[in-house]
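Order-wise, the sequence lines are chains X and D.
So for the first sequence, this note's numbering puts the first residue at 45; every next one is plus one.
So for the second sequence, this note's numbering puts the first residue at 45; every next one is plus one.
2 protein chains.
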Amino acid sequence: MSRKQDIIDAATDLFSQNGYHATSTHQVAKLAEVSEGIIFYYFKTKEDILLEIFYDSFDTFLESLQRIMDEAPTGLDALRAWVGIHFEAIDSRAKNILLLVRDFPASLANEDSPHRENILGRVAKLHQFLVKIIKRGQKDGSIGSCDPEPTALVLRSLLIGYTRVAMLENPHPPEFSKALWGFCRRALNPNPSQA
Amino acid sequence: MSRKQDIIDAATDLFSQNGYHATSTHQVAKLAEVSEGIIFYYFKTKEDILLEIFYDSFDTFLESLQRIMDEAPTGLDALRAWVGIHFEAIDSRAKNILLLVRDFPASLANEDSPHRENILGRVAKLHQFLVKIIKRGQKDGSIGSCDPEPTALVLRSLLIGYTRVAMLENPHPPEFSKALWGFCRRALNPNPSQA
DNA sequence: CAAAAAGCTGAGTGATTACTCAATCAATAC
DNA sequence: GTATTGATTGAGTAATCACTCAGCTTTTTG
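Here's what the structure looks like:
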C-alpha cells in the first residue's frame with residue numbers, strides 16, 4: 045500500500061473517531077507510521093486530506109448508485125437499493141460516512157468557499173440520479189405521480205437526516221429502517237388513496 | 045441588555061457565519077464590544093458558549109412545540125405546525141438554527157462526551173412530543189395506522205435533513221416545502237390505498 | 001460612608017499545531 | 001558509476017488562541 049493511502053486511512057480513522065479539529069497532523073503521522081513532513085508532500089494542507097476523503101467517498105457512492113440503476117428492474121427497486129446503501133453504511137459504522145456526517149458541513153456553508161463548487165457539483169449529480177430513478181418509476185408504474193425534482197430533494201434530505209441521526213444518536217434497529225422504507229413507499233405509492 | 049447576552053449574540057453571529065472553530069474568543073469580544081476576559085467570567089470555556097446557545101435554542105423550540113400541541117385541533121395539524129417552524133427558521137435564515145446545523149454534531153458523536161446526556165435528553169423530549177402528536181392523530185383519524193416510535197424518528201430525520209440541506213445548499217422555494225409536506229401527508233394518510 | 005462583593009479590563013502566557021526546509025536516502029536514467 | 005529525480009525525515013518555526021490574573025471600577029450592603 046502506498047504511503048499516501050496510509051495517511052488517508054489513518055486520517056479517516058482519527059477524524060471520524062475524534063473529529064477533524066481535534067485531530068493533529070502529528071497524530072495522523074504517528075498512526076500512519078510516517079513522518080509528519082510527508083503529509084505535506086502529498087497534501088497541500090490538512091483540509092485537503094479531508095476533502096480527498098470526501099471526494100473519494102462520494103465518487104464511490106455515485107459509482108454504486110450507477111450500478112444500482114443499471115441492475116434494478118424498476119424505479120422503486122432502484123430507490124430501495126439506494127436506501128439500502130445507507131443502511132449498510134450505518135450498520136457497518138462506515139468510518140468515511142461517519143466522518144462526513146460529523147465534520148463536513150462547515151466548509152460548505154460559506155458561500156465563498158473555494159470548494160463549494162466541487163462539492164455542490166457532486167451533490168447535483170446525486171440529485172440527478174434520484175430524479176432519473178423517480179421518473180423511471182413513474183414510467184414503469186412503480187412510483188406514483190409527483191414532481192420529481194422536489195421529491196428527489198425530500199428523499200435526499202430524509203436519508204441524510206436519518207444517517208446522521210442513526211450514526212450520532214444510537215444504533216438503528218430493524219424496525220426503524222423498515223419504518224423509513226414504509227414511509228417512503230406510502231408517500232410514493234402509485235395507487236392513489238381515497239381522500 | 046446584559047453583557048452576557050451581548051456575548052451570546054456576537055458568538056451566535058460569528059459561529060453561524062464562520063464556524064465555531066474558525067471563530068476566536070478575541071473576535072467574539074471585539075464584536076460584542078467587551079474585553080476578552082469577561083467571556084471567561086461568564087463562561088467557563090469557549091465550548092460552554094456554544095452549549096448555552098444550543099440549549100437556549102432547543103428549549104425555546106420545545107416551548108413552541110408545546111404551544112403548537114395545545115392549539116392544533118388535530119394531530120395532523122400539530123405536525124403541520126411543527127414542520128412550519130422549520131420552514132420559518134429556514135426562510136429567516138435563523139442564525140441559531142444555522143449554527144446547530146453546521147457545528148453541532150462533533151460533541152455528540154463522542155460516546156464519552158460529558159454533554160451527551162444533556163443533549164440526548166432534550167432530543168428525547170422532542171421525540172416524545174412527536175410520538176404524542178402521532179398517537180393523537182391516529183385517535184382523531186387524521187393520521188393513518190403506523191408504529192409511532194419509528195415514525196417519529198423518521199419524521200425527525202426528515203426535518204433535520206431538510207433543514208440542513210436547505211440552509212447549506214440553497215434557498216428553498218415554496219414548491220420544495222410543499223413537496224415535503226405532501227410527502228409526509230401521503231405517508232401518513234389515514235385512508236389506505238389499494239395496493 | 002466604609003467595606004465587601006460583583007463586574008470588568010487587557011496585557012500576558014503556555015501550550016498547541018499546521019506547515020517548512022535542509023538534509024538524507026532510494027530509485028531510475030544515462 | 002554517476003547524475004538526476006523523487007521520496008522521506010524530523011527538528012524547527014511562526015503564529016494562533018483559549019484561558020489567567022492582578023488590579024481597577026462600579027454596585028450593593030450594612
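Built from N, CA and C at the ideal position, the CB exists for glycine as well.
Check                                                                                                                                                                  : Outcome
For chain D, is any of its Cβ atoms less than 9 Å away from the one on Glu-219/X?                                                                                      : yes
Can you tell me whether DSSP reads Asn-162/D as helix, strand or coil?                                                                                                 : helix
So, helix, strand or coil for Asp-135/X, using DSSP?                                                                                                                   : helix
Between which two residues does the alpha helix (DSSP H) harbouring Val-72/X extend?                                                                                   : 69-76
Looking at the structure shown, is Glu-107/D part of a helix, part of a strand, or coil, going by DSSP?                                                                : helix
Against Tyr-99/D, what residues of chain X qualify as contacts under a CB-to-CB distance less than 9 Å, listed in chain order?                                         : Simply none; closest approach about 17 Å.
When burial is assigned at 16 or more other CB atoms within 10 Å of the CB, is Ala-239/D buried or exposed?                                                            : Any reading at Ala-239/D must be qualified, since the residue scores a pLDDT of 46, below 50, and its modelled position is unreliable; the value itself is stated next. The residue in question, Ala-239/D, is exposed, as its Cβ has fewer than 16 Cβ neighbours within 10 Å.
Look at Ile-204/D and Cys-190/D and say whether their C-beta atoms are less than 9 Å apart.                                                                            : no
Tell me which residue opens and which closes the alpha helix (DSSP H) that Pro-218/X is part of.                                                                       : 218-232
Is Ile-82/X close to chain D? Criterion is C-beta to C-beta, closer than 9 Å.                                                                                          : no
Going by DSSP in three states, Phe-148/X sits in which element: helix, strand or coil?                                                                                 : coil
So, using beta-carbon positions, are Phe-173/D and Leu-109/D closer together than 9 Å?                                                                                 : yes
Are there 16 or more other CB atoms within 10 angstroms of the CB of Pro-194/D, so buried, or fewer, so exposed?                                                       : buried
Evaluate the contact criterion for the segment 106-120 of chain D versus the segment 66-83 of chain D: three or more CB pairs, one atom per stretch, below 8 Å.        : no
Going by DSSP in three states, Phe-59/X sits in which element: helix, strand or coil?                                                                                  : helix
Compare the Cα-Cα distances from Thr-118/X to each of Tyr-86/X, Arg-180/X, Val-198/X and Leu-202/X and report the closest residue.                                     : Arg-180/X
Apart from the five residues just before and just after Leu-120/D, which ones in its own chain have a Cβ nearer than 6 Å to its Cβ?                                    : Gly-181, Ser-186 and Ile-187
Please confirm if His-70/X has its CB atom under 9 Å from at least one CB of chain D.                                                                                  : no
Beta-carbon within less than 6 Å of Ile-141/X's beta-carbon, same chain only, minus the 5 sequence neighbours each way: which residues are those?                      : Ala-133
Of the choices Phe-105/X, Gln-49/X, Asp-100/X and Phe-131/X, whose alpha-carbon is the least far from that of Pro-217/X?                                               : Phe-131/X
DSSP three-state label for His-65/D, please.                                                                                                                           : coil
Compile a chain-ordered list of the residues in the segment 134-165 of chain D whose CB is closer than 8 Å to at least one CB of chain X.                              : Leu-142, Val-145, Arg-146, Asp-147, Pro-149, Ala-150, Leu-152, Ala-153, Asn-154 and Leu-164
What separation, rounded to the nearest whole angstrom, lies between the Cα atoms of Ala-240/X and Ser-151/D?                                                          : The shown model of chain X, from 45 to 239, leaves out residue 240/X, and the question about it has no answer.
Counting C-beta neighbours from all protein chains within 10 Å, is the total for Pro-192/D 16 or more, i.e. buried, or is it exposed?                                  : buried
Can you name, in chain order, every residue of its own chain whose Cβ lies under 7 Å from the Cβ of Glu-95/D, other than the five neighbours on each side?             : Going by the sequence as given, residue 95/D is Leu instead of Glu. The answer, listed in chain order, is His-159.
Going by alpha carbons, who is nearest to Arg-200/X out of Lys-183/D, Leu-224/D and Glu-219/D?                                                                         : Leu-224/D
Spatial neighbours of Lys-90/X within its chain, please: CB distance less than 6 Å, with the 5 preceding and 5 following residues excluded, ordered by chain position. : Thr-69
Alpha carbon to alpha carbon, what distance is there between Ala-116/X and Asn-214/D?                                                                                  : 31 Å
Using 10 angstroms around the beta-carbon of Tyr-85/D, count the other beta-carbons present and answer buried if the total reaches 16, otherwise exposed.              : exposed
Alpha carbon to alpha carbon, how far is Val-175/X from Lys-169/X?                                                                                                     : 10 Å
Which bits of chain X does Ser-201/D rub up against, with CB to CB less than 9 Å?                                                                                      : Ser-201, Leu-202, Leu-203, Ile-204, Gly-205, Tyr-206, Thr-207, Arg-208, Val-209, Ala-210 and Leu-224
What residue from Ser-101/D, Gln-49/D, Gly-128/D and Phe-102/D has the CA that sits closest to Tyr-206/D's CA?                                                         : Gly-128/D
Check distances from the C-beta atoms of the segment 103-131 of chain D to those of chain X and list, in chain order, the residues that come in under 8 Å.             : none
Kindly say whether Asp-57/D, judged by its beta-carbon, lies nearer than 9 Å to any beta-carbon of chain X.                                                            : no
Take Asp-184/D and list the residues in its own chain whose beta-carbon comes closer than 7 Å to its own, dropping the five residues that flank it on each side.       : Thr-118 and Gly-119
Do you know whose CA, among Leu-232/X, Ile-93/X, Leu-144/X and Ala-153/X, lies nearest Met-211/X's CA?                                                                 : Leu-144/X
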